[in-house]
Every structure is written in C-alpha cells, then in structure tokens.
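Asker: What follows is a structure written as structure tokens; I'll ask about it next.
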Amino acid sequence: MRADVAAKMAGTAWSSIVDNATAGRFTASANWGVSSYSGQRYGADYRYADPVAASDPAWYRFNVPASANYRVDAWWPANAGYNSATPYIVATTTGNRTVYVDQRATGGQWRTLGTFALPAGDANRVAVSRWSSTGGLVIADAVRLTRV
Numbered sequence: 142m143r144a145d146v147a148a149k150m151a152g153t154a155w156s157s158i159v160d161n162a163t164a165g166r167f168t169a170s171a172n173w174g175v176s177s178y179s180g181q182r183y184g185a186d187y188r189y190a191d192p193v194a195a196s197d198p199a200w201y202r203f204n205v206p207a208s209a210n211y212r213v214d215a216w217w218p219a220n221a222g223y224n225s226a227t228p229y230i231v232a233t234t235t236g237n238r239t240v241y242v243d244q245r246a247t248g249g250q251w252r253t254l255g256t257f258a259l260p261a262g263d264a265n266r267v268a269v270s271r272w273s274s275t276g277g278l279v280i281a282d283a284v285r286l287t288r289v
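Residue numbers (the working numbering): 142 to 289.
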C-alpha cells in the first residue's frame, strides 16, 4: 500500500508482476506440472498442462489499487510443442474477456494482451485456461499489470 501511495505521489504508474511461484498470488490445480526446461522462462520455473475441454484455469491474483485502465502483459517460454491458441482470461469491470496467444512463438519477453478496465481490490484478475481445441502444452509463467 505504501508503495502504491508513493508511486502516486511521484507521478509514476502502478505496476505489479505475479509469477507462477509468487506465494499467495498464483493458484493452479494439481493438473498443472512444474518445469524449468526452457531458458526463456520468467523466474526459476513455469507451469504447464495438457489442453482439455474443461474449466481448469491457473489464476494470477493482483491487489489492484484503483478502478482504472490497465495494460495486461504475459510472459511465456516459446516452444514448437506448446499451444497455438492459449486462452488468457482477464476479469474486467464488465465481465471476462478472453485473448488467445500462440505460445509456440514470441516467448521469453513481455507480450501485451491488451488494455482493460479493471476494478479495484484484491482478487483473481488474469487466468490461463486449459480450454483449447488445439494441441500442445498450455503454459502459465508470469503476468504483469500496469496502470495506463
């Protein structure tokens, strides 16, 4: 909270990163494995799961300081064996929005999913869903929110 107030007073934008290893900020079922295979990962490791036609998302929890517009960025390692249509779900002020990304490419860096109106408060804000009709592992590594 103090960091958020200090950032406001300094005139800088609020930003926060949740990695798959961030205690109390990332949740996933036992169906999500842990890997450190790719050197393109953010942090020490990342999570992976097979795609299925069922709801089994990995959630990133953020304490959003104020209702406003936020840029949502995701980080994943890329690999030819990963999913070509991985669904990211963003919980906005007007309901869930889904963005599909190709995790076979453009990994190892922050990739913008879009800018969304998010409500204030501490809650699950972004998820990686396993609900994909394409083959290849679904990856959950890190998500960043930045107030714009």
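Backbone N, C-alpha and C define an ideal beta-carbon position, used for all residues, glycine too.
Between Ser-170 and Ala-154, what straight-line distance do the alpha-carbon atoms span, to the nearest angstrom?
Answerer: Cα-Cα distance, rounded: 33 Å.
Asker: Pick helix, strand or coil for Asp-160, following the three-state DSSP scheme.
Answerer: Strand.
Asker: State the Cα-Cα distance for the pair Tyr-223 and Leu-278, rounded to the nearest angstrom.
Answerer: Their backbone Cα atoms lie some 5 Å apart in a straight line.
Asker: With a threshold of 16 other CB atoms inside 10 Å of the CB of Tyr-178, please say whether the residue is buried or exposed.
Answerer: That one is exposed.
Asker: Determine the closest residue to Val-159 out of Tyr-187, Val-240, Ala-226 and Gly-255, with distance taken between C-alpha atoms.
Answerer: It is Tyr-187.
Asker: Grouping DSSP H, G and I as helix and E and B as strand, with all else coil, what is Gly-174?
Answerer: In this structure, Gly-174 counts as strand in the three-state DSSP scheme.
Asker: Confirm, please, whether the CB-CB distance from Ala-185 to Ala-219 is below 8 Å.
Answerer: In this structure, Ala-185 does not lie closer than 8 Å to Ala-219 by Cβ.
Asker: Output the distance between the C-alpha atoms of Ala-226 and Val-242, rounded to the nearest integer angstrom.
Answerer: So the two alpha carbons sit approximately 5 Å from each other.
Asker: Our contact map puts Asp-214 next to Arg-285 with C-beta atoms below 8 Å; I'd like the distance itself, whole angstroms only.
Answerer: Confirmed, about 4 Å.
Asker: Go ahead and label Trp-216 buried or exposed: buried means 16 or more other beta carbons lie within 10 angstroms of its beta carbon, across all protein chains shown.
Answerer: Classification of Trp-216: buried, given that the 10 Å Cβ count is 16 or more.
Asker: Is Ala-268 helix, strand or coil when you go by DSSP?
Answerer: Strand at Ala-268.
Asker: Give me the Cα-Cα distance between Ala-258 and Thr-233, rounded to the nearest whole angstrom.
Answerer: Computed Cα separation, rounded: 6 Å.
Asker: Beta carbon of Pro-228, beta carbon of Ser-274: below 8 Å?
Answerer: No, Cβ-Cβ distance for Pro-228 and Ser-274 is not below 8 Å.
Asker: In the DSSP output, which residue or residues are listed as bridge partners for Thr-256?
Answerer: Paired residue(s): Arg-212.
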